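Written out below as structure tokens is the structure these notes cover.
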Amino acid sequence: MPPVKNKAATSKTTSKKATTASKKTTTASKKSPAVTKKPAAKQAKKSALEGFSHFTPYKIKKGEKYMNPAQVEHFGVILAAWKKDLMEEVDRTVHHMQDEAANFPDPNDRATQESEFTMELRTRDRERKLIKKIDEALEKLGHDEYGYCDVCGIEVGVRRLEARPTANLCIDCKTLDEIREKQRG
Ligand SMILES: [Zn+2]
């Protein structure tokens, strides 16, 4: 599924830094060298819904065990940081809607605003679902179950997980899944 760009959510939510700063979540407060600083201009526009990319790719040593403590730590940091980004986005959307709700007495403006809100609510819904998936991934990580295909049980792979940390299918099962999805129409 190609990522859907939501202009309303990404372009209009940049000025609410001050209000969200006071609602910091504590889930990902642990600083780690694996998470790099956001290059301000480039990352600001990209929605956390599309993925998480500001981290240093894991260097796999020869013969190292899959999902050894270092890899578990690596993905734990990524998942927590991604979740934090998403939660901040949710906060910005909520504040944006609260701030704008009282500003349009004109009925025409209201209609425009309502369709904008519908879009933002949809974005929020997607954000919430993704946060839930991240929580599930973190739960698995804590039980040494993270990184394996839900269907066939093989390793999903470090690079694939870095591209999509919530991936719960190996590439083969995912491909099959997509083919079936298409056939269903
Ligand atoms: Zn599989």
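The numbering of the sequence shown is numbering that gives the first Met the number 0, which starts it at 0 and goes up by one. Note that beta-carbon positions come from the ideal geometry of N, C-alpha and C, so glycine has one too. Note that the structure is predicted; figures quoted are calculated from it, not measured.
Scanning the segment 65–114 from its first residue to its last, the whole alpha helix (DSSP H) runs of 4-plus residues come out as 68–99. LEU120 counts as exposed, since fewer than 16 other beta carbons sit within 10 angstroms of its beta carbon. Contact annotation, TYR65 with GLY146: C-beta distance approximately 7 Å; criterion of less than 8 Å satisfied.
Counting the other CB atoms within 10 Å of its CB gives ASN167 a total of 16 or more, which places it among the buried residues. For ASP84, the closest of PRO104, CYS151, ARG123, LEU160 by C-alpha to C-alpha distance is ARG123. Annotated three-state conformation of PHE51 is coil, per DSSP. For MET96, the closest of THR117, THR165, GLY156 by C-alpha to C-alpha distance is THR117. If you draw a straight line from the Cα of HIS142 to the Cα of ALA79, it comes to about 16 Å.
Its chain contains LEU168 as the residues whose beta carbon lies nearer than 7 Å to that of ASP176, once the 5 sequence neighbours on both sides are disregarded; these appear in chain order. Taking the Cβ of VAL157 as the reference point, every heavy atom of ligand 1 lies at 7 Å or farther away.
Boundaries of the alpha helix (DSSP H) around CYS172: 170–183.
Close CB contacts of ILE133 within its chain, under the 7 Å cut and outside five residues either way in sequence, are with LEU78, TRP81, LYS82, THR165 (chain order). LEU140 and GLY75 have their C-alpha atoms some 7 Å from each other. Between GLU88 and ALA47, the CB-CB gap stays under 8 Å. DSSP places GLU154 within a strand segment (E or B) once states are collapsed to three.
Under the 10 Å beta carbon count, GLU126 is surrounded by 16 or more other beta carbons and is classified as buried. In this structure, ILE130 sits near MET86, with a CB-CB distance shorter than 8 Å. Here the alpha carbon of GLU72 sits roughly 34 Å from the alpha carbon of GLU180. If you compare the alpha carbons of ARG183, GLY184, GLU49, VAL157 with that of ALA69, the shortest gap goes to VAL157.
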